[in-house]
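Following: one structure in structure tokens, then a few remarks.
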Amino acid sequence: MATTFEDALVVGILDANISMATGYPGFPITSIFEKVIERSFQASTKIVATWCINESVALGNAIGACLSGARSVVFVKNHGLNTMQDMLINLSYLGTRAGMLIISADDIGVKASHNESDSRLYGPLNMIPVIEPATVKDAYQYVSYGLEVSEDYKTPVILRICGSQLQQIGELNVRLQKSYTPMYNFKPKDGKCYYIGPDYYRQMKFSMIERIEKIKSLKNNNFNNFILGNCDIGIICSGNSYNKVLKVFPNAKIFKLGLVYPIILEDLEQFFSHVNDLKKVWIIEETENLIEYQITEFLYKKTFKNSNSHSLKEVIGKDSLSKVGEISEKELMKIIGNMNDGESSESTIGHENKQFVKLCPACPARAILLSLKLLNITAIGDAGCTALGTLNPFKSVHCCVCMGASIPIAAGINRITENKVVALIGDSAFFHSGILGLLNEIGHSTNLLTIIFNNKNAGMTGGQIVNIGTQDCVNSSDKIKTILQAAGVLKENVKVIKESLNLTKIKSQISKMYQENKGSKVLIIEGQCRYNIRDISDIAIKVGNAVKMIKGSMLDPGCFAYQKVDMNTHKLYTKYCGNCRICEILVNK
Ligand code: SF4
Ligand code: SF4
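In the working numbering, each residue's number is its place in the sequence shown (first place is 1) plus 8.
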């Protein structure tokens with residue numbers, strides 16, 4: 009049956025007797041996890057699947073399931089492993105009870121994120137295995153195979169995928185038997201508690217090292233394959249790179265790695281024996297050189313330890329390939345096939361993704377971004393829809409680093425400079441990690457205005473419900489206010505505005521609170537998200553001819569339903585205009 013890579017992963021999860029699935033939304037995992045959540049409501053599916061407040065909490069929930077003898081899976085977006093790293097290294101020390109998979113999805117080439125990183129490197133950092141499915145069948149099978157490795161070696165396993173693999177189509181003709189019976193009882197290991205104290209750490213670290221060495225010697229593994237064509241090109245690759253290599257060089261001698269860390273040495277030896285008469289072997293991997301460094305280390309040690317071993321081959325990896333972005337088929341043709349119609353790897357560096365992004369019509373964030381612009385206040389922003397404030401026509405957010413960074417960065421600026429800035433953060437990022445920054449500044453009595461944009465969901469990623477600021481939580485802003493007051497923000501320093509489209513009121517309140525010199529001040533602006541961001545391109549395409557003309561000078565509201573004709577003439581596409589009336593307020597301002 010033909011299916012997508014994404015659906016194969018979902019079916020793999022449902023077939024693997026997993027009891028708990030957790031995650032935090034963001035590209036490229038949102039759509040996969042939404043399907044798992046949808047299926048979790050079916051009576052036949054015994055899986056607890058929920059979005060969490062951040063990745064670290066998601067991992068914590070999964071550890072609870074794992075130590076209770078139930079299989080778990082954690083979904084992690086681009087850069088998401090960073091947030092859980094503290095807990096992950098400690099889990100690696102502790103070891104697992106039931107199987108645990110961390111599905112880490114990288115956005116290599118930056119299709120819908122801000123930038124890229126290679127989460128495979130968390131494997132060696134934490135001494136945990138990393139598996140990388142390439143095909144639709146792999147996507148399905150690696151879920152179960154990964155859990156088996158997790159259980160056999162008492163380790164969490166990273167299953168790494170890339171955003172560009174999700175819609176890949178392939179045949180899925182296998183179904184694996186459910187082979188795990190959950191225990192559902194929390195049981196301390198061998199009568200001892202789960203704890204990593206300094207008195208145990210050495211012994212535990214030696215166990216981690218030994219664990220990785222044992223996996224290097226795994227026999228009859230389900231991950232690695234040789235595709236031995238009759239052409240004199242030898243290539244070692246994995247994941248998405250494998251699909252490209254196979255397309256460009258279908259007759260090459262290919263070592264397709266499924267377990268990319270640690271590399272199984274016997275398989276590597278065997279592949280080298282198949283390509284013994286070749287002078288070069290290519291290692292094709294996108295971004296970092298995880299495979300290359302393991303292979304060069306292996307060859308180096310082999311040469312010096314055993315003078316009778318096979319001759320040292322020329323292994324070509326990142327010397328020829330860029331560490332930035334995806335590898336194109338043209339690059340492969342040029343670099344390996346020596347065919348000149350390809351582009352050089354350098355030529356892809358600096359290519360920018362020109363994404364057409366604007367706030368939705370009647371978006372409740374628009375009045376905040378316009379107010380900051382009109383007041384000429386510098387804002388330090390955060391991940392999410394308000395990050396669009398960095399772009400034209402707003403340009404009212406002047407720095408945006410990552411989830412939860414706005415408050416500590418703004419506080420750092422306010423502590424050492426005369427330039428007073430404000431922090432702007434959405435409810436989702438606030439609960440993800442921003443709240444910690446605010447708690448810190450309350451303790452230091454830092455003079456800082458924080459604007460929390462409470463749109464009651466994770467708007468940028470499609471409206472997931474991840475915290476108390478949820479769609480069905482009517483009094484979410486009042487609850488945030490209660491939390492802040494309990495944490496020490498003075499009652500008179502927390503204000504809530506629920507008329508999120510009222511530009512005049514919001515501008516006036518920001519101006520007032522900005523000028524006050526009273527420590528931590530928080531303005532919560534609440535407004536229901538109007539559209540799912542994924543519909544925006546659709547809206548842009550469908551815009552019809554029904555228009556309302558506006559005469560006079562006005563600021564661009566940064567809206568899909570708006571079009572500037574000339575300095576004094578503006579069009580509102582009435583079918584899509586959310587009638588938030590902000591355009592009327594902006595005329596002749
Ligand atoms: S998804 Fe919600 S918050 Fe984001 S731009 Fe659209 S309406 Fe605004
Ligand atoms: S009034 Fe202006 S900003 Fe509001 S939805 Fe219509 S076009 Fe967009």
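Just so it is clear, CB atoms sit at the ideal spot from N, CA and C, and this is done for glycine as well.
Residue closest to Ser281, alpha-carbon to alpha-carbon, out of Met557, Ser187, Leu236 = Mapped onto the sequence shown, residue 281 falls at position 273. Closest by alpha carbon: Leu236.
Select from Met92, Asn587, Leu75 the residue whose C-alpha is nearest the C-alpha of Gly4.
-> Any question about residue 4 goes unanswered here, given that the chain covers just 9 to 597.
Just mark Cys239 as buried or exposed, buried being the case when its beta carbon has 16 or more other beta carbons within 10 Å.
-> Reading the sequence shown from its first residue, position 231 is the one you call residue 239. Classification for Cys239: exposed.
Measuring from the CB of Ala370, is there a heavy atom of ligand 2 at a distance below 7 Å?
-> Working through the sequence shown from its first residue, we reach residue 370 at position 362. It does: the Cβ of Ala370 is within 7 Å (strictly closer) of some heavy atom of ligand 2.
At what residues does the alpha helix (DSSP H) containing Thr38 begin and finish?
-> In the sequence shown, counting from the first residue as 1, residue 38 sits at position 30. First-last of the alpha helix (DSSP H) with Thr38: 38–48.
State yes or no: is the C-beta of Ala569 nearer than 7 Å to some heavy atom of ligand 2?
-> If you number the sequence shown from 1, residue 569 lands on position 561. Ala569: yes, Cβ under 7 Å from ligand 2.
Are the Cβ atoms of Ser485 and Ala375 separated by less than 8 Å?
-> Your numbering for residue 485 matches position 477 in the sequence shown. Your numbering for residue 375 matches position 367 in the sequence shown. With a cutoff of 8 Å on beta-carbon distance, Ser485 and Ala375 are scored as not near each other.
Kindly examine ligand 2 and report whether one of its heavy atoms sits closer than 7 Å to the Cβ of Leu580.
-> In the sequence shown, counting from the first residue as 1, residue 580 sits at position 572. Answer for Leu580: yes, Cβ within range of ligand 2.
Per DSSP, Asn233 is paired with what?
-> For this step, residue 233 is matched to residue 225 along the sequence shown. BP columns for Asn233 point to Lys264.
In chain order, what residues of the same chain lie with their CB nearer than 6 Å to the CB of Ser140, ignoring the 5 residues before and after it?
-> What you label residue 140 is simply residue 132 of the sequence shown in a count that begins at 1. The sequence given here places Glu at residue 140; Ser does not occur at that position. The beta carbon of Glu140 is closer than 6 Å to those of Arg168, Ser246, Gly247, Val268 in its chain, skipping five residues each way along the sequence.
Mind checking Thr12: buried by the 16 CB within 10 Å criterion, or exposed?
-> In the sequence shown, the residue the question calls residue 12 occupies position 4. Under this definition Thr12 is a buried residue.
Compare the Cα-Cα distances from Phe35 to each of Ile111, Glu293, Asn134, Asp23 and report the closest residue.
-> Working through the sequence shown from its first residue, we reach residue 35 at position 27. Nearest in C-alpha terms to Phe35, of all of Ile111, Glu293, Asn134, Asp23, is Ile111.
So, are the CB atoms of Tyr584 and Pro369 less than 8 Å apart?
-> For this step, residue 584 is matched to residue 576 along the sequence shown. For this step, residue 369 is matched to residue 361 along the sequence shown. In this structure, Pro369 lies closer than 8 Å to Tyr584 by Cβ.
Nonlocal neighbours in the same chain, by C-beta distance under 7 Å from Leu383, ignoring five residues either side | Translated into positions along the sequence shown, residue 383 becomes position 375. Exclusion of the five residues before and after Leu383 leaves Lys515, Ile518, Ser519 as the residues of its chain whose Cβ lies within less than 7 Å of its Cβ.
How is Cys245 classed by DSSP in three states: helix, strand or coil?
-> Here residue 245 refers to the residue found at position 237 when the sequence shown is read from its first residue. It is a strand residue.
Beta-carbon proximity check, Ala29 vs Ile55, cutoff 8 Å = Here residue 29 corresponds to residue number 21 of the sequence shown, with the count starting at 1. Here residue 55 corresponds to residue number 47 of the sequence shown, with the count starting at 1. Against a cut-off of 8 Å, the Cβ pair of Ile55 and Ala29 comes out as a contact.
Other residues of its chain near Leu594: CB distance less than 7 Å, five sequence neighbours each side excluded = Stepping through the sequence shown from its first residue, residue 594 is reached at position 586. The beta carbon of Leu594 sits closer than 7 Å to those of Met562, Leu563, Pro565, all from its chain and outside the five residues before and after it, given in chain order.
For the alpha helix (DSSP H) holding Met92, just list the boundary residues, first then last.
-> Stepping through the sequence shown from its first residue, residue 92 is reached at position 84. Run containing Met92: 88–102, per the alpha helix (DSSP H) assignment.
Quick one: what's Asn463 bridged to in DSSP?
-> Your numbering for residue 463 matches position 455 in the sequence shown. Partner(s): none; Asn463 has no beta bridge.
Between Ala437 and the rest of its own chain, which residues show a CB-CB distance below 7 Å, the 5 nearest in sequence each way excluded?
-> Against the sequence shown, residue 437 aligns to sequence position 429. Around Ala437, the same chain offers Asp390, Ala391, Gly392, Met411, Gly412 as residues with beta carbons nearer than 7 Å, after the five sequence neighbours per side are excluded.
Quick one: is the Cβ of Asn587 within less than 7 Å of any heavy atom of ligand 2?
-> By one-based count along the sequence shown, residue 587 stands at place 579. Flag set: Cβ of Asn587 near ligand 2.
Evaluate contact between the stretch 445–454 and the stretch 525–532, counting only Cβ atoms and requiring at least three cross-stretch pairs below 8 Å.
-> In this structure the stretch 445–454 touches the stretch 525–532; the number of beta carbon pairs closer than 8 Å is three or more.
Ligand 2 heavy atoms versus the CB of Pro565: any closer than 7 Å?
-> Within the sequence shown, numbered from 1, the residue matching residue 565 stands at position 557. Checking the Cβ of Pro565 against ligand 2 gives yes.
What three-state label does DSSP hand Arg183 in the structure shown?
-> Counting from one through the sequence shown, the residue named residue 183 turns up at place 175. Reduced to three states, the DSSP call for Arg183 is coil.
Given that a residue counts as buried once 16 or more other Cβ atoms are within 10 Å of its Cβ, and exposed if not, what is Cys201?
-> Within the sequence shown, the letter at position 193 stands for residue 201. Answer is exposed; the Cβ neighbour count stays below 16.
Locate the alpha helix (DSSP H) running through Leu276, then write down its first and last residues.
-> The count along the sequence shown starts at 1 and reaches residue 276 at position 268. Here the alpha helix (DSSP H) through Leu276 covers 273–282.
Using the rule of at least 16 other Cβ atoms within 10 Å of the residue's Cβ for burial, across every protein chain shown, is Leu396 buried or exposed?
-> One-based indexing of the sequence shown puts residue 396 at position 388. With 16 or more Cβ atoms within 10 Å of its Cβ, Leu396 is classed as buried.
Cys408 beta carbon near ligand 1 (any heavy atom closer than 7 Å) | Within the sequence shown, residue 408 is the residue found at index 400, counting from 1. With a threshold of 7 Å, the Cβ atom of Cys408 does not count as near ligand 1, since no heavy atom of the ligand is closer than that.
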